[in-house]
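What follows is one structure encoded as C-alpha coordinates, with my remarks underneath.
In my numbering, the protein residues as written are 34 to 133.
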(Lines of atoms letter the chains of each structure in order from A and count residues from 1; the text may use other names and numbers.)
(Lines give C-alpha, C1' and ligand atoms only; values in the text may rest on other atoms or scores of the structure.)
Protein backbone atom coordinates (compact mmCIF):
# COMPACT_ATOMS: atom_id res chain seq x y z
CA UNK A 1 0.00 0.00 0.00
CA UNK A 2 1.46 3.33 -0.99
CA UNK A 3 1.47 6.27 1.38
CA UNK A 4 -0.45 9.32 0.31
CA UNK A 5 1.14 12.70 0.83
CA UNK A 6 -0.77 15.77 1.93
CA UNK A 7 -0.90 18.68 -0.47
CA UNK A 8 1.39 21.44 0.78
CA UNK A 9 -0.25 24.36 -0.90
CA UNK A 10 -2.70 27.02 0.14
CA UNK A 11 -3.82 30.05 -1.79
CA UNK A 12 -3.79 33.61 -0.56
CA UNK A 13 -7.58 33.85 -0.18
CA UNK A 14 -7.79 30.56 1.74
CA UNK A 15 -4.97 31.64 4.05
CA UNK A 16 -6.53 35.06 4.61
CA UNK A 17 -9.97 33.70 5.45
CA UNK A 18 -8.47 31.05 7.73
CA UNK A 19 -6.53 33.66 9.68
CA UNK A 20 -9.49 36.00 9.90
CA UNK A 21 -11.81 33.22 11.04
CA UNK A 22 -9.36 31.75 13.53
CA UNK A 23 -7.65 34.77 15.02
CA UNK A 24 -10.13 37.58 14.70
CA UNK A 25 -13.43 35.75 14.66
CA UNK A 26 -16.61 37.54 15.70
CA UNK A 27 -15.18 38.77 19.00
CA UNK A 28 -13.73 41.85 17.35
CA UNK A 29 -17.26 43.20 16.97
CA UNK A 30 -18.11 42.77 20.66
CA UNK A 31 -14.91 43.92 22.40
CA UNK A 32 -14.42 47.61 21.48
CA UNK A 33 -16.76 48.82 24.22
CA UNK A 34 -14.93 46.79 26.86
CA UNK A 35 -11.49 47.90 25.61
CA UNK A 36 -12.44 51.57 25.54
CA UNK A 37 -14.14 51.24 28.92
CA UNK A 38 -10.94 49.92 30.50
CA UNK A 39 -8.54 52.32 28.78
CA UNK A 40 -10.70 55.40 29.22
CA UNK A 41 -9.76 57.14 25.98
CA UNK A 42 -10.10 56.30 22.33
CA UNK A 43 -6.37 56.81 21.68
CA UNK A 44 -5.32 54.34 24.39
CA UNK A 45 -7.95 51.91 23.18
CA UNK A 46 -6.62 52.14 19.64
CA UNK A 47 -3.07 51.67 20.94
CA UNK A 48 -4.20 48.53 22.77
CA UNK A 49 -5.71 47.16 19.54
CA UNK A 50 -2.49 47.93 17.64
CA UNK A 51 -0.30 46.23 20.25
CA UNK A 52 -2.62 43.23 20.24
CA UNK A 53 -2.41 43.09 16.45
CA UNK A 54 1.39 43.20 16.50
CA UNK A 55 1.52 40.38 19.06
CA UNK A 56 -0.90 38.34 16.97
CA UNK A 57 1.24 38.83 13.86
CA UNK A 58 4.31 37.67 15.82
CA UNK A 59 2.46 34.56 17.00
CA UNK A 60 1.28 33.82 13.46
CA UNK A 61 4.77 34.19 12.03
CA UNK A 62 6.13 31.89 14.73
CA UNK A 63 3.54 29.25 13.88
CA UNK A 64 4.39 29.65 10.18
CA UNK A 65 8.10 29.12 10.86
CA UNK A 66 7.37 26.04 12.96
CA UNK A 67 5.13 24.57 10.27
CA UNK A 68 7.81 25.15 7.64
CA UNK A 69 10.55 23.65 9.82
CA UNK A 70 8.50 20.63 10.97
CA UNK A 71 6.28 19.59 8.04
CA UNK A 72 4.14 17.06 9.92
CA UNK A 73 0.42 16.80 10.52
CA UNK A 74 -0.78 17.55 14.03
CA UNK A 75 -0.15 21.28 14.33
CA UNK A 76 1.21 22.57 17.62
CA UNK A 77 1.07 19.09 19.16
CA UNK A 78 3.56 17.83 16.57
CA UNK A 79 5.87 20.78 17.16
CA UNK A 80 5.78 20.40 20.94
CA UNK A 81 6.33 16.65 20.70
CA UNK A 82 9.41 17.22 18.56
CA UNK A 83 10.85 19.95 20.81
CA UNK A 84 9.67 19.17 24.35
CA UNK A 85 8.56 15.53 24.28
CA UNK A 86 5.35 13.52 24.34
CA UNK A 87 4.09 14.64 27.75
CA UNK A 88 4.01 18.31 26.79
CA UNK A 89 2.25 17.50 23.51
CA UNK A 90 -0.27 15.33 25.37
CA UNK A 91 -1.02 18.09 27.87
CA UNK A 92 -1.46 20.64 25.09
CA UNK A 93 -3.84 18.30 23.29
CA UNK A 94 -6.02 17.97 26.37
CA UNK A 95 -5.86 21.69 27.09
CA UNK A 96 -7.00 22.47 23.56
CA UNK A 97 -9.78 19.91 23.84
CA UNK A 98 -11.07 21.40 27.09
CA UNK A 99 -10.71 25.05 26.06
CA UNK A 100 -12.05 24.80 22.51
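C-beta: ideal position from N, C-alpha, C; glycine also. Because the structure is a prediction, the values reported are computed rather than measured.
The beta carbon of residue 113 sits closer than 8 Å to those of 121, 122, 125, all from its chain and outside the five residues before and after it, given in chain order. Taking 8 Å as the cut-off, the beta carbon of residue 104 is found no closer than this to the beta carbon of residue 40.
Residue range 45-52 is occupied by the alpha helix (DSSP H) that includes residue 45.
Here the alpha carbons of residue 47 and residue 64 stand approximately 26 Å from one another.
Leaving aside the five residues that flank residue 87 on each side, none in its chain has a CB nearer than 6 Å to its CB. Here residue 114 carries a helix assignment [DSSP, helix/strand/coil].
Residue 52 is not a Cβ neighbour of residue 107, given a cutoff of 8 Å. Per DSSP, residue 98 is one residue of the alpha helix (DSSP H) stretching across 75-102.
Inter-residue distance for residue 71 and residue 56 is about 22 Å (C-alpha atoms, whole angstroms).
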